[in-house]
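Participant:
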Amino acid sequence: MTDTLRNFLLTLTPVLFVANLVQSFFYLPESSRRESGGHMSNSLYYALLFLFFGAMMFALLASSLPLMWVAIELTTLVSAPLITYHRSRESLEAMWKYLLICSIGIAFALFGTMLVLHAQSTGSVMWYKAGFAFVLAGYGTKMGLAPFHTWLPDAHSEAPAPVSALLSGALLNCSFFAIVRVREMMPFAATPFCDAAMLALGILSLAVGAVFMVRQTDYKRLLAYSSVEHMGLVIILFSLALSRSGTLVWYALALHIAAHSITKTLLFQTAGNLLLAFRTRAVSVVQGLGVSMKGHAALWLIGLVLICGMPPSLLFFSELCLVLVSPIWISATVLMLLFIVFAAMMKVGLSMTFGRPVSSFEPVPKRLLIIPGALLILLVVAGVFSVFAIVA
Amino acid sequence: MHTFSEIVLALFLIADLALAGASRLKSAIRFVALQGWIVGVLPIFLWDWQANGCPGIRIWGISLMNAVVKGVAMPLLLSYAVRKARTRREVEPIVSFQMSRFIVFLMAVGGFATGRLLHIHETIASEFAIPVSFTTMGTGLLLISARKKAITQVIGFLVLENGISLFGAGILLEYGIVVELGILLDVFALVFILGIAAFQINRTFSSTDTDRLNHLGDTHLMHPHHKHDHVHD
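If you're matching them up, the sequences are chains A and B in order. Residues in the first sequence are numbered from 2 upward in steps of one, following our numbering. Residues in the second sequence are numbered from 17 upward in steps of one, following our numbering.
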């Protein structure tokens, strides 16, 4: 199953990269025209973006665990400068937190990798368990699992839109794959511990994401916490897929990863356009999109509905599968938290779409809508097709 | 060679205590350099000469490379960053130096106690290596969390990394030259970027104190017409 998942991610990551690369061509000139302050040179930006993509593919393709560690650390190094594209105080602060927190996490992952390799030579279950705990904490930091997620909302909200989309859509998946690789090596005696640890972190991430989304005043941070929530769901699905026989949960896992990545890319790109037009990330200011920017209003509202897992969304099927196969107490907790997330998302989405329109904004050119629009059409068509496929 | 390696590891432990009490950045960088050297050459000391003869060129090469990068290049880079950022010399503790020394001492005691409990000495080269590496990792985390300056946090990260490398050397782990090079390059690049970031933090916030880095968060409401404060180049 690991190889199938690897091939799947090797297909998904380039799609996301190309989508964000093209969006960068549209976004950056518009952004530098509007922003008065300095920014990184565009050639450096594109160089780092390609290196970032290369590092993620390296992480997926690495043959051994230590080599994979090198690749994951490399993704941190090349993506950190991208966060400070706009040279502001806030972006510098976000980069510092990202570098320091992720590096400490990754250092623990190296320690865990050493423990696992040592356990392979001695065969001691205790060393396997200790190694997995450190690896889960380490790569979990990079994946944005609570309580190690604190860098994520800052980095995702400060980075330019295409970088936020790549961080959320592609990088988190690569870190998840690192955990999958280590989990695969665990002996049978250590698996109950590993799966329980993943389940606990998953539910905690879901809860933290839900709590911080309620009354969120910053729409980019809202999307960032939604990533924490969805990574929680991914790790819960993974631990369920391991303990259930059959391939249904594995399909649900892959579907969830793909649908989350594409929907989140669409949402971060739309949020970036709104930031260009209104020059603020405050929900209270960006109001009445339905009147002032109709295209963006449709993208934003439908995107938020899709990321919550409402029926035409592919996430609906994966979340349904999760609720159906898991024990009743997990189903109940997950459903309750998903409901809170839905309420928080809809409050923001509806007030931004239908609130009183503001006059102080500068419309963005139509070409910025091409990529998110195409992603939205892809998602809706795939969702409707799946509904018909299941009904028929 | 075991007495030798134990003397070297004792030096490592002393460097931990010294780092916890170091009030000047310059001396802290020196102690990190010392640890870097020791981590680099440790595989040679831990090598079983009587059983295996002289170690091969690969072991020598990796040791030399590690020692040069961790013991010379990275400390030089850090001193350069300190000079460039014109950081005042003091380390500015949140937890006092006396208290930090005491905490490191407690961690050493705990490390040796758990080292005995784990019964790992059959599989490793030196009984001291694991407790000392745990203590060093703890010292690194202490420096990261209990000091204000950005540069001191970078030093703390290096100490943490030294502790992990020491653990790897202690359990005689061998990755092969590509991975060794990759890890070394990653850590070097990280220190480089962190150094630049510390310099920029200094320029932007007029201080390298990381407690000024408190603009981001969920508790504060954004000002309605919030704009980025741009750095003037």
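From the three backbone atoms N, C-alpha and C, an ideal C-beta is built for every residue, glycine too. Please read all numbers here as calculations on a predicted model, not as lab measurements.
#1: As a quick exercise: from B:Leu174, B:Ile217 and B:Ala185, pick the residue whose alpha carbon is nearest that of Ala205 of chain B.
#2: Closer than 7 Å by beta-carbon distance: list the chain B residues that pair up with Glu363 of chain A, in chain order.
#3: Whole angstroms are fine: how far does the CA of Ser92 of chain A sit from the CA of Tyr28 of chain A?
#4: Do the CB positions of Val117 of chain A and Met57 of chain A come within less than 8 Å of each other?
#5: I'd like to know whether the C-beta of Gln216 of chain B is nearer than 8 Å to at least one C-beta of chain A.
#6: Checking the sheet assignment: what are the DSSP bridge partners for Ala283 of chain A?
#7: On the premise that Ser142 of chain B lies in contact with Leu182 of chain B, defined as a C-beta separation below 8 Å, what is that separation, rounded to the nearest angstrom?
#8: By the criterion of Cβ-Cβ separation under 8 Å, what are the contact partners of His261 of chain A in chain B?
#9: Tell me the rounded alpha-carbon separation between Leu300 of chain A and Leu277 of chain A.
#10: Grab the span of the alpha helix (DSSP H) containing Met58 of chain A for me, first residue to last.
#11: Could you compute how far the alpha carbon of Phe189 of chain A sits from the alpha carbon of Leu202 of chain A?
#12: Just checking, does the stretch 339-352 of chain A make contact with the stretch 372-381 of chain A on the three C-beta pairs under 8 Å criterion?
#13: Would you say Ala97 of chain B reaches chain A, if we count a Cβ-Cβ gap shorter than 8 Å as a contact?
#14: Taking buried to mean at least 16 other C-beta atoms within 10 Å of its own C-beta, is Thr130 of chain B buried or exposed?
#15: Contact criterion: CB-CB distance below 8 Å. Does His244 of chain B meet it with respect to chain A?
#16: Roughly how many angstroms lie between the CA atoms of Leu13 of chain A and Ala31 of chain B, to the nearest whole one?
#17: Since Ala95 of chain A meets chain B, which of its residues come closer than 7 Å, beta carbon to beta carbon?
#18: Determine the contact status of Leu168 of chain A and Leu210 of chain B, defining contact as a CB-CB distance below 8 Å.
#19: Could you check if Arg282 of chain A is buried or exposed, using at least 16 other CB atoms within 10 Å of its CB as the buried criterion?
#20: Please work out which residues of its chain come closer than 7 Å, Cβ to Cβ, to Pro109 of chain B, disregarding the five sequence neighbours upstream and downstream, and give them in chain order.
#21: Which of the three DSSP states, helix, strand or coil, is assigned to Lys165 of chain B?
#22: Would you verify that the beta carbon of Ala205 of chain B is, or is not, closer than 8 Å to some beta carbon of chain A?
#23: Apply the 10 Å Cβ neighbour rule to Cys195 of chain A and answer buried if 16 or more other Cβ atoms are within range, or exposed otherwise.
#24: Ile110 of chain B CB to nearest chain A CB: under 8 Å?
#25: My understanding is that Val326 of chain A touches Val250 of chain A, with C-beta atoms under 8 Å, so please give their C-beta distance in whole angstroms.
#26: Using only alpha-carbon positions, find the residue among A:Ile204, A:Val284 and A:Ala191 that is nearest to Val324 of chain A.
#27: Taking beta-carbon pairs under 8 Å, can you tell me which members of the stretch 176-190 of chain B lie near chain A?
#28: Within 8 Å (strictly less), CB to CB, does Glu91 of chain A reach chain B?
#29: Chain D partners of Val195 of chain B, CB-CB under 9 Å?
#30: With a CB to CB cut of under 6 Å and the five nearest residues on each side skipped, what residues in its chain are close to Pro373 of chain A?
#31: Between Leu50 of chain A and chain B, is there a C-beta pair that is closer than 8 Å?
#32: Just the chain A side, please: which residues come within less than 9 Å of Phe221 of chain B by C-beta, in chain order?
#33: Please compile the residues from chain A whose C-beta is within a distance smaller than 8 Å of the C-beta of Asp202 of chain B.
#34: Using a cut-off of 7 Å between C-beta atoms, extract the partners of Gln51 of chain B located in chain A.
#35: Which whole-angstrom value is the C-beta distance of Tyr220 of chain A and Val287 of chain A, which I expect to be below 8 Å?
Facilitator: Checking against the coordinates, here is how it stands:
#1: Your numbering for residue 205 of chain B matches position 189 in the second sequence. Ranking the options by Cα distance to Ala205 of chain B, first place goes to B:Leu174.
#2: The residue you call residue 363 of chain A lines up with position 362 of the first sequence. Simply none; closest approach about 14 Å.
#3: Position 27 of the first sequence, counted from the first residue, corresponds to residue 28 of chain A. Position 91 of the first sequence, counted from the first residue, corresponds to residue 92 of chain A. If you take the alpha carbons of Tyr28 of chain A and Ser92 of chain A, they lie about 18 Å apart.
#4: For the purposes of this step, residue 117 of chain A is taken as residue 116 along the first sequence, with counting starting at 1. For the purposes of this step, residue 57 of chain A is taken as residue 56 along the first sequence, with counting starting at 1. Contact check for Val117 of chain A against Met57 of chain A fails: the beta carbons are separated by 8 Å or more.
#5: As a first step, residue 216 of chain B is located in the second sequence; it is residue number 200 there, counting from the start. Residue contact check for Gln216 of chain B against chain A: a CB pair falls below 8 Å.
#6: Numbered from its first residue, the first sequence carries residue 283 of chain A at position 282. Ala283 of chain A pairs with A:Asp219.
#7: Within the second sequence, residue 182 of chain B is the residue found at index 166, counting from 1. Within the second sequence, residue 142 of chain B is the residue found at index 126, counting from 1. About 10 Å; that fails the 8 Å criterion.
#8: Along the first sequence, one-based indexing puts residue 261 of chain A at 260. What His261 of chain A touches in chain B: nothing, since even the nearest Cβ is about 22 Å away.
#9: For the purposes of this step, residue 300 of chain A is identified with residue 299 of the first sequence, where counting begins at 1. For the purposes of this step, residue 277 of chain A is identified with residue 276 of the first sequence, where counting begins at 1. Answer to the nearest angstrom: the Cα atoms are 16 Å apart.
#10: In the first sequence, the residue the question calls residue 58 of chain A occupies position 57. Asn43 to Leu62 is the extent of the alpha helix (DSSP H) around Met58 of chain A.
#11: Within the first sequence, the letter at position 188 stands for residue 189 of chain A. Within the first sequence, the letter at position 201 stands for residue 202 of chain A. Cα to Cα, Phe189 of chain A sits roughly 21 Å from Leu202 of chain A.
#12: no
#13: Counting from one through the second sequence, the residue named residue 97 of chain B turns up at place 81. By this cut-off, Ala97 of chain B is not an interface position.
#14: In the second sequence, residue 130 of chain B corresponds to position 114, counting from 1. By the 10 Å Cβ count, Thr130 of chain B comes out exposed.
#15: Indexing the second sequence from 1 puts residue 244 of chain B at position 228. The predicted position of His244 of chain B is uncertain, since its pLDDT is 42 and thus under 50; a value taken from the coordinates is nonetheless stated next. Yes - at least one Cβ of chain A is within 8 Å of the one on His244 of chain B.
#16: Within the first sequence, residue 13 of chain A is the residue found at index 12, counting from 1. Within the second sequence, residue 31 of chain B is the residue found at index 15, counting from 1. Cα to Cα, the separation comes out at about 48 Å.
#17: Stepping through the first sequence from its first residue, residue 95 of chain A is reached at position 94. Scanning chain B for C-beta atoms nearer than 7 Å to the C-beta of Ala95 of chain A yields Leu232, reported in chain order.
#18: Within the first sequence, residue 168 of chain A is the residue found at index 167, counting from 1. Within the second sequence, residue 210 of chain B is the residue found at index 194, counting from 1. With a cutoff of 8 Å on beta-carbon distance, Leu168 of chain A and Leu210 of chain B are scored as not near each other.
#19: Locating residue 282 of chain A in the first sequence gives position 281, counting from the first residue. Under this definition Arg282 of chain A is a buried residue.
#20: Here the question's residue 109 of chain B lines up with position 93 in the second sequence. Excluding positions up to five away in sequence, the list reads Ser116, Ala162 and Arg163.
#21: Within the second sequence, residue 165 of chain B is the residue found at index 149, counting from 1. Looking at Lys165 of chain B - three-state DSSP - the assignment turns out to be strand.
#22: On the second sequence, position 189 is the one that residue 205 of chain B refers to. It does: the Cβ of Ala205 of chain B has a partner Cβ on chain A nearer than 8 Å.
#23: Here residue 195 of chain A is taken as the residue at index 194 of the first sequence, counted from 1. Burial of Cys195 of chain A is indicated by the presence of at least 16 other C-beta atoms within 10 angstroms of its C-beta.
#24: Sequence index remark: in the second sequence, residue 110 of chain B carries index 94 (1-based). Taking 8 Å as the threshold, the shortest C-beta distance from Ile110 of chain B to chain A does not fall below it.
#25: The residue given as residue 326 of chain A occupies position 325 in the first sequence. The residue given as residue 250 of chain A occupies position 249 in the first sequence. Val326 of chain A to Val250 of chain A, Cβ: 6 Å. Contact.
#26: By one-based count along the first sequence, residue 324 of chain A stands at place 323. Of the listed residues, the one whose Cα sits closest to Val324 of chain A is A:Ile204.
#27: Leu176, Glu177, Ile180, Phe183, Gly184, Ile187 and Leu189
#28: Here residue 91 of chain A refers to the residue found at position 90 when the first sequence is read from its first residue. At least one chain B Cβ lies under 8 Å of Glu91 of chain A.
#29: Absent from the structure: chain D. Protein chains present are A and B.
#30: Here the question's residue 373 of chain A lines up with position 372 in the first sequence. Cβ within range, chain order: Leu267, Gln270, Thr271 and Leu300.
#31: Along the first sequence, one-based indexing puts residue 50 of chain A at 49. It does not; no Cβ of chain B falls within 8 Å.
#32: Working through the second sequence from its first residue, we reach residue 221 of chain B at position 205. Within 9 Å Cβ-Cβ: Arg90, Leu93 and Glu94.
#33: As a working mapping, residue 202 of chain B is identified with position 186 in the second sequence. By Cβ distance, chain A contributes Val71, Glu74, Leu75 and Leu78.
#34: As a position in the second sequence, residue 51 of chain B is number 35, starting the count at 1. The premise fails here: Gln51 of chain B is roughly 15 Å from chain A at the closest Cβ pair, so nothing lies under 7 Å.
#35: The sequence position of residue 220 of chain A within the first sequence is 219, counting from 1. The sequence position of residue 287 of chain A within the first sequence is 286, counting from 1. That belief holds up - the Cβ atoms of Tyr220 of chain A and Val287 of chain A are roughly 7 Å apart, short of 8 Å.
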